[in-house]
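Numbers given in the working numbering equal positions in the sequence shown, counted from 1, plus 322.
The structure under discussion appears below in the form of structure tokens.
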Amino acid sequence: MHSSSRVACGTAASCLILLYSATAVAQTPRPASAGAVEDAYVEHVTYTYAQVLRVVPVFSEIQVTELREDCTALNASSANAAAEREPPVTTVPGGRMGAVGTLLQTGFAAAAPAPRQALPEEHTAEPEGCPLVDDVVTVTRQEGFDVEYRYRGEVFVSRLDHDPGDRLRIRVAVVPAAETATGAGSWQVASPSR
């Protein structure tokens, strides 16, 4: 009897390996239907096309604050200052001749060299341009498109960033729904694919 066990196992080491592997299999029993249970909840995906019924552009209005130059106050004050600098208009007879003389004198004075003036050591320039003010502007922008489409007789609506045209590529995912009394599953349409 001892010799027959030696023939079946060959050596003691191979018998231990054979017994060890048999014990490991015995510790993790797997029912025959376990693979079917795991596969029942896997999402099955396919891609197909749906007929587009209607496309409606969607817009939104938002308020934006913009900076702009406000030159109205500056233009009014510079117009008043210019009016104060202009010489008064003469209404005395012969005043026109005096005005001509003034123009000639001004022309000769412009041709003469100007006396040199010393610049201050710290010259600070006034800021050029008009003061900046905040302006609130309402801007209309396009959010996307509400697309109504039909797949297998049912109508769905999705918001897309583009107009899909006459047909829309969709992703169809089939998974079992909550078990009903009959035990039947159902199918679902997922969002459109790109």
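Cβ atoms here follow ideal geometry from the backbone N, Cα and C, with glycine treated the same way.
This structure is a prediction, so every number in the text was calculated from the model and none was measured.
Proximity to residue i [Cα-Cα], best of the options
i: G382; options: Q464, D488, H366 and R481; result: Gly is not the amino acid found at residue 382; the sequence shown has Ser there. Nearest of Q464, D488, H366 and R481 to S382, Cα basis: Q464.
i: L490; options: R390, Y371, H366 and D457; result: Y371
i: G451; options: V458, E391 and H484; result: E391
i: G487; options: E470, A495, V459 and V477; result: E470
i: V377; options: Y369, F467 and Q385; result: F467
i: R474; options: D483, V364 and V374; result: V374
i: V380; options: V494, H484 and V497; result: H484
i: T523; options: T368, E365, V455 and E388; result: Past the edges of the chain, shown from 323 to 516, lies residue 523, and the structure says nothing about it.
i: V291; options: A495, V386 and T368; result: Past the edges of the chain, shown from 323 to 516, lies residue 291, and the structure says nothing about it.
i: P453; options: V496, L389, E365 and I384; result: L389
i: R472; options: V494, E365, I384 and D457; result: V494
i: V459; options: V479, Y369 and I384; result: I384
Residue i - containing beta strand (DSSP E), residue span
i: D457; result: L454 to Y473
i: E476; result: E476 to L482
Opposing strand residues paired with residue i [DSSP bridges]
i: L490; result: A372
i: T387; result: V458
i: P379; result: F467
i: V364; result: DSSP lists no partner for V364.
i: V496; result: H366
Outcome for residue i when other beta-carbon atoms lying within 10 angstroms are tallied against a minimum of 16
i: A499; result: exposed
i: I492; result: buried
i: H324; result: Because H324 carries a pLDDT of 45, less than 50, the predicted location of this residue cannot be relied on, and no value is offered for it.
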